[in-house]
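Student: Dropping a structure here in C-alpha cells format, bear with me for questions.
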Amino acid sequence: MSDLNATAAALLGLLHDGPKTGGQLVAEAGERFGAFFSVTRSQVYRELPALAEAGLLRLGKQGPRSSQQYVLTAAGKKAFKTWLLSEPGPDHLRSPLILRLVHAGSLTAKQRTGLIDTARGVYGQEQESAKVAAKTAEDPYAKAVAEFGLAHAKAVLKLLDAIPTA
Numbered sequence: 000m001s002d003l004n005a006t007a008a009a010l011l012g013l014l015h016d017g018p019k020t021g022g023q024l025v026a027e028a029g030e031r032f033g034a035f036f037s038v039t040r041s042q043v044y045r046e047l048p049a050l051a052e053a054g055l056l057r058l059g060k061q062g063p064r065s066s067q068q069y070v071l072t073a074a075g076k077k078a079f080k081t082w083l084l085s086e087p088g089p090d091h092l093r094s095p096l097i098l099r100l101v102h103a104g105s106l107t108a109k110q111r112t113g114l115i116d117t118a119r120g121v122y123g124q125e126q127e128s129a130k131v132a133a134k135t136a137e138d139p140y141a142k143a144v145a146e147f148g149l150a151h152a153k154a155v156l157k158l159l160d161a162i163p164t165a
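Following this line, the structure appears as C-alpha cells:
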C-alpha cells in the first residue's frame, strides 16, 4: 500500500498502542478523535483485511466470540510514519448537521426547531466533554486537539444561535 488513506492511517496509529480487535479500534477511534474524524465500523472492517494483505498488519490472538486481534508490523509502522510526514492536503468538513441545515427550508417550523434543539443538546455535551479533555490532557498535542474540539463545539453552538427560531 503505497498511499494510505486517512482511515487506514488512523487504524495504524491506534495500533501503535498494542494489538486490538476491530471492535476495540472502532471504540477507541470514537473516543480519541471522533469529534473531528469519524471512522465507521464498516470502514474499519473493510480496511483491516487490506492492511493485513499489504503486510502492514498481521493477525494476532483469536479473542472471544471469534474476534480477531490485529498487530502492527514493522512495515505498518514505516507506512504510518511516511503518511504522517506526507502533505495532508486540504481538510474537508463533512457535517450531517450542516447538510441538514442547508436543506432545513424543506422542514416544517416544528421540525426545524426539533433539529436545532437536538443539535444544541449534542454540541452542548460535546463542549462540556471537550472542556474536561482540554483541562486534563497532559500531552501538548492532545491538549491542542481537545481545545480544537472545544472551539468546534462553540462554533456550532454559535451557528445554531444565529438561526432564527420563527
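To convert, note that position 69 of the sequence shown is 68 in numbering that gives the first Met the number 0; the numbers rise steadily by one, no gaps. Built from N, CA and C at the ideal position, the CB exists for glycine as well.
Name the DSSP beta bridge partners of K76, please?
Tutor: Per DSSP, none; premise fails for K76.
Student: Let me know if K19 comes out buried or exposed under the rule of 16 or more other beta-carbons within 10 Å of its beta-carbon.
Tutor: buried
Student: Which first and last residues belong to the beta strand (DSSP E) in which V70 is found?
Tutor: 67-71
Student: Could you tell me which uninterrupted alpha helix (DSSP H) segments, each at least 4 residues in length, are contained entirely in the stretch 82-163, listed from first to last along the chain?
Tutor: 95-101, 108-135, 139-161
Student: Taking only the alpha-carbon atoms, compute the straight-line gap between Q68 and S128 and give it to the nearest angstrom.
Tutor: 30 Å
Student: At the level of alpha carbons, what is the spacing between R45 and T164?
Tutor: 42 Å
Student: Using CA atoms only, rank isn't needed, just tell me which of S65, A34, T39, A78 is closest to L55.
Tutor: The candidate whose alpha carbon is nearest that of L55 is A78.
Student: What does the alpha-carbon distance come out to for the pair I144 and Q126?
Tutor: The sequence given here has Val at residue 144, not Ile. Taking the straight line from one Cα to the other gives about 13 Å.
Student: With a CB to CB cut of under 7 Å and the five nearest residues on each side skipped, what residues in its chain are close to T72?
Tutor: G54, L55, L56, R57
Student: Following the continuous alpha helix (DSSP H) through R45, name the residue where it begins and the one where it ends.
Tutor: 40-52
Student: Going by C-alpha to C-alpha distance, which of K157, A152, F36, G120 sits closest to L92?
Tutor: F36
Student: Got a sec, what are the start and stop residues for the alpha helix (DSSP H) W64 sits in?
Tutor: Note on residue identity: the sequence assigns Arg, not Trp, to residue 64. Counting along the chain, R64 falls outside any alpha helix (DSSP H), and DSSP gives it neither H nor E.
Student: Less than 8 Å between the beta carbons of A132 and G148, yes or no?
Tutor: yes
Student: DSSP state of A22, grouped into three classes?
Tutor: It should be noted that the sequence gives Gly, not Ala, for residue 22. Helix, per DSSP.
Student: CB L24 to CB L13, shorter than 8 Å?
Tutor: It is a contact, given that the beta carbons lie within the stated cut-off.
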